[in-house]
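So the protein sequences, as listed, match chains A and B. So that you can map any letter, position 89 of the first sequence is 88 in numbering that gives the first Met the number 0, and since no number is skipped, the others follow by simple counting. So that you can map any letter, position 213 of the second sequence is 212 in numbering that gives the first Met the number 0, and since no number is skipped, the others follow by simple counting. In what follows, a structure is listed as structure tokens, so that the remarks can point back to it.
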Amino acid sequence: MISVIDYRAGNAPSVMYALEHLGLPARLVATPGEVAGAERIVLPGVGAARATIDSLEDQDLVAALRDRVLGDGVPFLGICIGLQVLFDHSEEGDVDCLGFVPGSVRRFPDTGRVPQIGWNAVHFTREHPVTAGVPDAGHFYFVNSFYCVPAEPADALGVTEYGVEFCSVVSRANVLATQFHAEKSGELGLSLLRNFADWDGLGGGDGSC
Amino acid sequence: MLTKRLIACFDVVDGRVTKAQQFQDNIDVAPAEDLAQTLYADQIDEIVFYDIKASAEKRKIDLDTVRRVAHHVFVPFTVGGGIRDVQDMFEVLKAGAEKISVDSMAVRNPEIIRDGADAFGRQCVVLSTQVKHVGIRDGIPSGYEVYIDGARLATGLDALDWVRRGEELGAGEIVVNSIDKDGTASGYDLDITRAVADAVNVPVIASGGAGNVDHIADGLTSGGASAAIISSILYSPRLDRNIGVRELKEGLLERGVPMRPYL
Numbered sequence: 000m001i002s003v004i005d006y007r008a009g010n011a012p013s014v015m016y017a018l019e020h021l022g023l024p025a026r027l028v029a030t031p032g033e034v035a036g037a038e039r040i041v042l043p044g045v046g047a048a049r050a051t052i053d054s055l056e057d058q059d060l061v062a063a064l065r066d067r068v069l070g071d072g073v074p075f076l077g078i079c080i081g082l083q084v085l086f087d088h089s090e091e092g093d094v095d096c097l098g099f100v101p102g103s104v105r106r107f108p109d110t111g112r113v114p115q116i117g118w119n120a121v122h123f124t125r126e127h128p129v130t131a132g133v134p135d136a137g138h139f140y141f142v143n144s145f146y147c148v149p150a151e152p153a154d155a156l157g158v159t160e161y162g163v164e165f166c167s168v169v170s171r172a173n174v175l176a177t178q179f180h181a182e183k184s185g186e187l188g189l190s191l192l193r194n195f196a197d198w199d200g201l202g203g204g205d206g207s208c
Numbered sequence: 000m001l002t003k004r005l006i007a008c009f010d011v012v013d014g015r016v017t018k019a020q021q022f023q024d025n026i027d028v029a030p031a032e033d034l035a036q037t038l039y040a041d042q043i044d045e046i047v048f049y050d051i052k053a054s055a056e057k058r059k060i061d062l063d064t065v066r067r068v069a070h071h072v073f074v075p076f077t078v079g080g081g082i083r084d085v086q087d088m089f090e091v092l093k094a095g096a097e098k099i100s101v102d103s104m105a106v107r108n109p110e111i112i113r114d115g116a117d118a119f120g121r122q123c124v125v126l127s128t129q130v131k132h133v134g135i136r137d138g139i140p141s142g143y144e145v146y147i148d149g150a151r152l153a154t155g156l157d158a159l160d161w162v163r164r165g166e167e168l169g170a171g172e173i174v175v176n177s178i179d180k181d182g183t184a185s186g187y188d189l190d191i192t193r194a195v196a197d198a199v200n201v202p203v204i205a206s207g208g209a210g211n212v213d214h215i216a217d218g219l220t221s222g223g224a225s226a227a228i229i230s231s232i233l234y235s236p237r238l239d240r241n242i243g244v245r246e247l248k249e250g251l252l253e254r255g256v257p258m259r260p261y262l
């Protein structure tokens with residue numbers, strides 16, 4: 000069973016429709032008690048870092064997520080803003096985030112159009128169970144004005160170019176996160192969700208395994 | 000690199016996609032849900048859905064149809080029509096849309112753009128504009144005027160002033176919909192599309208007039224657009240021949256336009 004975090008600023012319905020289409024059992028969760036019992040967690044997202052953090056705090060979910068994801072090590076997938084809030088800090092609204100992955104989130108330079116909106120290629124730095132079968136330079140749908148900079152380069156599983164080369168897929172132990180919207184990236188995105196549903200949270204590594 | 004997008008546009012009436020010409024004479028095409036499935040399978044990059052009568056009929060958007068389409072579309076899905084406030088936006092997002100398109104309502108109450116961007120992020124708010132070439136005159140320095148209510152009501156707003164204001168208020172994308180070109184299959188209005196693309200720093204979407212691959216390529220290159228809205232070319236019964244996404248993308252790639260590869 001996949002638990003999809005339902006918070007005010009999220010796009011949980013799109014993720015639920017995708018999981019339903021794939022025939023994967025999923026439920027929306029919105030309370031600390033539900034997070035504590037989750038076997039597998041998706042943090043979806045659209046919108047701004049501060050609104051997301053505020054929502055998670057208002058719903059009292061931050062400590063529960065930390066315990067379940069970092070403590071118990073259940074497989075975790077963050078999507079879009081659900082990737083950005085994993086880091087220590089975001090330039091967007093100068094907000095402190097969850098700190099599950101060391102690093103920060105910065106704004107794209109204004110040399111290109113911001114936000115980046117559209118399909119862009121992801122180059123993978125290594126193999127990972129969740130990206131099995133996804134071709135290198137496969138295209139995924141991005142909508143972002145900000146991008147993450149992991150403090151530890153080995154946490155970057157995928158990289159993408161948009162004026163700068165940025166980390167588009169994060170992998171750190173049982174935590175995986177995509178800057179693109181896997182639920183809105185056609186069949187390649189769906190295959191990634193399918194892989195996530197089968198993943199035991201191992202073999203993601205931090206580059207060392 | 001970021002590729003250009005092909006966006007299928009649905010003008011929806013009573014749950015069915017229709018096709019107009021210069022915003023009039025809508026003819027029936029297919030149920031929205033069925034056409035969405037067909038186009039998703041054909042690897043369209045994105046779908047935009049307008050409930051074209053919600054605003055005029057002063058009613059809420061048709062959420063049932065939005066929900067049914069969203070169930071089959073695993074590419075981005077934008078919805079517009081009759082959106083009045085953040086609560087309306089919230090309901091559409093909960094029905095499965097990623098982005099909200101505002102048009103006539105935003106002219107009447109521009110703060111809706113700011114409110115939407117504050118609540119959901121600017122990437123969520125698409126400002127759609129209906130523009131008509133009226134010639135340069137007092138108050139219309141660009142020669143293009145903004146219309147609303149299905150191209151029926153002139154606003155006195157200059158197109159470039161309005162899109163700049165929309166960007167300032169928080170719009171994450173701007174659709175330039177040419178009233179003169181809508182449904183004519185004679186090519187986008189490249190002049191106003193280019194002018195808008197130069198005036199703002201958010202992505203600009205060309206709309207109205209695409210009838211063949213060259214038109215789309217022109218909109219995405221000399222028009223400066225990041226994405227092209229198409230409809231007639233895909234499914235209008237008025238055209239002798241419709242063209243599928245694969246053939247369109249192949250043609251665009253041949254013309255040097257970067258596209259998401261057809262799998």
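Note that beta-carbon positions come from the ideal geometry of N, C-alpha and C, so glycine has one too. Model, not experiment: these values are computed from the prediction.
Residue-level contact to chain B via CB, residue i, 8 Å cutoff
{"i": "A:VAL94", "result": "no"}
{"i": "A:GLY206", "result": "Its pLDDT being 47, under 50, A:GLY206 is placed unreliably in this model, and the coordinates cannot settle the point."}
{"i": "A:TRP118", "result": "yes"}
{"i": "A:LEU209", "result": "No answer is possible for residue 209 of chain A: the residues shown for chain A start at 0 and end at 208."}
{"i": "A:PRO31", "result": "no"}
{"i": "A:GLN115", "result": "yes"}
{"i": "A:ALA25", "result": "no"}
{"i": "A:LEU189", "result": "yes"}
{"i": "A:ASP199", "result": "no"}
{"i": "A:ARG193", "result": "no"}
{"i": "A:ARG112", "result": "yes"}
Any C-beta of chain A under 8 Å from that of residue i
{"i": "B:ASN200", "result": "yes"}
{"i": "B:ALA194", "result": "no"}
{"i": "B:ARG259", "result": "yes"}
{"i": "B:LYS52", "result": "no"}
{"i": "B:MET88", "result": "no"}
{"i": "B:VAL74", "result": "yes"}
{"i": "B:GLU172", "result": "yes"}
{"i": "B:GLY81", "result": "no"}
{"i": "B:ASP44", "result": "yes"}
{"i": "B:ARG263", "result": "This structure leaves residue 263 of chain B out entirely; chain B is present only between 0 and 262."}
{"i": "B:THR2", "result": "yes"}
{"i": "B:THR97", "result": "The residue asked about is misnamed: residue 97 of chain B is Glu in this sequence, not Thr. True, the Cβ-Cβ gap to chain A drops below 8 Å."}
{"i": "B:PHE22", "result": "no"}
{"i": "B:CYS123", "result": "yes"}
{"i": "B:SER247", "result": "Inspection of the sequence shows that residue 247 of chain B is occupied by Leu rather than by Ser. Not one chain A Cβ lies under 8 Å of B:LEU247."}
{"i": "B:LEU62", "result": "no"}
Residue i and residue j closer than 8 Å at C-beta
{"i": "B:THR37", "j": "B:MET258", "result": "no"}
{"i": "A:TYR209", "j": "A:LYS183", "result": "What the structure shows of chain A is the stretch from 0 to 208, and residue 209 of chain A is not part of that stretch, so it cannot be assessed."}
{"i": "B:GLY171", "j": "B:GLN122", "result": "yes"}
{"i": "A:LEU18", "j": "A:LEU192", "result": "yes"}
{"i": "A:VAL113", "j": "B:ASN200", "result": "yes"}
{"i": "B:ALA118", "j": "B:MET88", "result": "yes"}
{"i": "B:ARG163", "j": "B:ALA198", "result": "yes"}
{"i": "B:SER225", "j": "B:ARG4", "result": "yes"}
{"i": "B:VAL174", "j": "B:ILE191", "result": "no"}
{"i": "B:ASP244", "j": "B:ILE43", "result": "The sequence given here has Val at residue 244 of chain B, not Asp. Yes."}
{"i": "A:PRO74", "j": "A:ASN173", "result": "yes"}
{"i": "B:THR17", "j": "B:PHE48", "result": "no"}
{"i": "B:ILE111", "j": "B:VAL125", "result": "no"}
{"i": "B:PHE73", "j": "B:LEU34", "result": "no"}
{"i": "A:GLU91", "j": "A:VAL104", "result": "yes"}
{"i": "B:ASP148", "j": "B:SER54", "result": "yes"}
Residue i: first and last residue of the uninterrupted beta strand (DSSP E) it sits in
{"i": "A:LEU210", "result": "The structure shown does not extend to residue 210 of chain A, since chain A is modelled only from 0 to 208, so the question has no answer here."}
{"i": "A:ASN194", "result": "No beta strand (DSSP E) contains A:ASN194, which is instead part of the alpha helix (DSSP H) from 185 to 197."}
{"i": "B:HIS132", "result": "124 to 132"}
{"i": "A:TYR161", "result": "155 to 161"}
{"i": "A:TYR140", "result": "137 to 143"}
{"i": "A:LEU42", "result": "40 to 42"}
{"i": "B:ILE232", "result": "Run containing B:ILE232: none in the beta strand (DSSP E); it sits in the alpha helix (DSSP H), 231 to 234."}
{"i": "B:VAL12", "result": "4 to 12"}
{"i": "B:GLU45", "result": "45 to 50"}
{"i": "B:VAL324", "result": "The structure shown does not extend to residue 324 of chain B, since chain B is modelled only from 0 through 262, so no value can be given for it."}
{"i": "A:ASP66", "result": "It is not in any beta strand (DSSP E) - A:ASP66 carries neither H nor E in the DSSP assignment."}
Residue interval of the alpha helix (DSSP H) (run including residue i)
{"i": "A:TRP118", "result": "Looking at the DSSP string, A:TRP118 is not in any alpha helix (DSSP H); the run it does join, the beta strand (DSSP E), is 115 to 123."}
{"i": "B:GLY79", "result": "Per DSSP, B:GLY79 belongs to no alpha helix (DSSP H); it is in the beta strand (DSSP E), 76 to 79."}
{"i": "A:PRO12", "result": "11 to 20"}
{"i": "A:ILE52", "result": "48 to 57"}
{"i": "B:PHE119", "result": "110 to 119"}
{"i": "B:SER225", "result": "Looking at the DSSP string, B:SER225 is not in any alpha helix (DSSP H), and its letter there is neither H nor E."}
Identified DSSP bridge partners for residue i
{"i": "B:LYS267", "result": "Outside the shown range of chain B, which is 0 to 262, sits residue 267 of chain B, and nothing can be said about it."}
The ligand GDP heavy atom lying under 7 Å from the CB of residue i
{"i": "B:VAL130", "result": "The ligand GDP is not among the ligands present in this structure, which contains no ligands whatsoever."}
At a Cβ cut of 8 Å, what residues of the segment 137 to 168 of chain A count as close to chain E, listed as they run along the chain?
Given the protein chain composition of this structure (A and B), no chain E is represented.
Can you give, in chain order, each stretch of the alpha helix (DSSP H) that sits fully within the segment 143 to 223 of chain B and has at least 4 residues?
158 to 168, 189 to 198 and 212 to 219, all fully within the segment 143 to 223 of chain B.
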